[in-house]
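Structure record follows, encoded as structure tokens.
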Amino acid sequence: MTIWSFSQEAAMSKQARTPQAREERVRAIMAAALDQFSHAGFQAARLDDIAAQAGIAKGTVYLYFESKERLLEALVASAIGAPLEAMEKAVAASSAPASDLLRAFGAFMIQAADDPDRRRVMHLVFSEGARFPAIAQFHHREVISRGAALIRAIIARGRASGEFVHDEPERFPQLVFAPALVAAVWLHVFDPIEKLDATGMIAAHTEMLLRALKGEAK
């Protein structure tokens, strides 16, 4: 008997009774999914194992996520998309100089590099995106494109105010978030061999970009 043959009444009875209980159950499912995806790989991970780790029946997972793909999308949205949305709102509401906003974006990248779960989510996208294009497309739409638009807005503000005299990161926003990608890969693959001060690297990269944008010699 599959989940789809349950009556609506029976299915509803398996749902959490309160919004708080529902939120806790969703968090448990997502935490288990991240563990299983990271351990077994996205393709090999089984919903049975995710449900077992979360302490629920397999069918209950479908009440919250219709597929493994939706689960991974939820992980991306929660770990990276939500903090990025907060950053977007903060920049839009701020009257601070563009330099301060670019430093704030650097701090945002540092927080992502310091968070093991965010790094695991990014590694999943890197490792599985080529085999599952829908995953890469979702991440690009919800994270990369929005991050690039935010960087362009910051650089454009600095250009308009005369604070910045160059526009390279506006044309190539990848120049700004490149160290976050390097940190995610390095900390996952090479950290046991050679430790990386990701916080220091991202901060140094941000200051180097600012000097270049302002046309300042070191």
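According to the numbering used here, the sequence shown is numbered sequentially starting from 75. Quick reminder that beta carbons are idealized off the backbone N, C-alpha and C, glycines included.
- A Cβ-Cβ separation of about 7 Å places Ile-228 in contact with Phe-179 under the 8 Å criterion.
- For Thr-273, the enclosing alpha helix (DSSP H) covers residues 272-288.
- Of the residues assessed, Met-196 falls on the buried side of the cut-off, its CB having 16 or more other CB atoms within 10 angstroms.
- Inclusion of Asp-191 and Leu-261 in the CB contact set at 8 Å is not warranted, their separation being larger than that value.
- CA-CA distance, Ala-114 to Thr-134, rounds to 21 Å.
- Exclusion of the five residues before and after Glu-147 leaves Phe-212 as the residues of its chain whose Cβ lies within less than 6 Å of its Cβ.
- Of the residues assessed, Lys-163 falls on the exposed side of the cut-off, its CB having fewer than 16 other CB atoms within 10 angstroms.
- In the DSSP assignment, Thr-134 falls within the alpha helix (DSSP H) that extends over 132-135.
- Looking at Asp-271, Leu-121, Glu-216 and Glu-202, the one whose alpha-carbon comes closest to that of Glu-140 is Leu-121.
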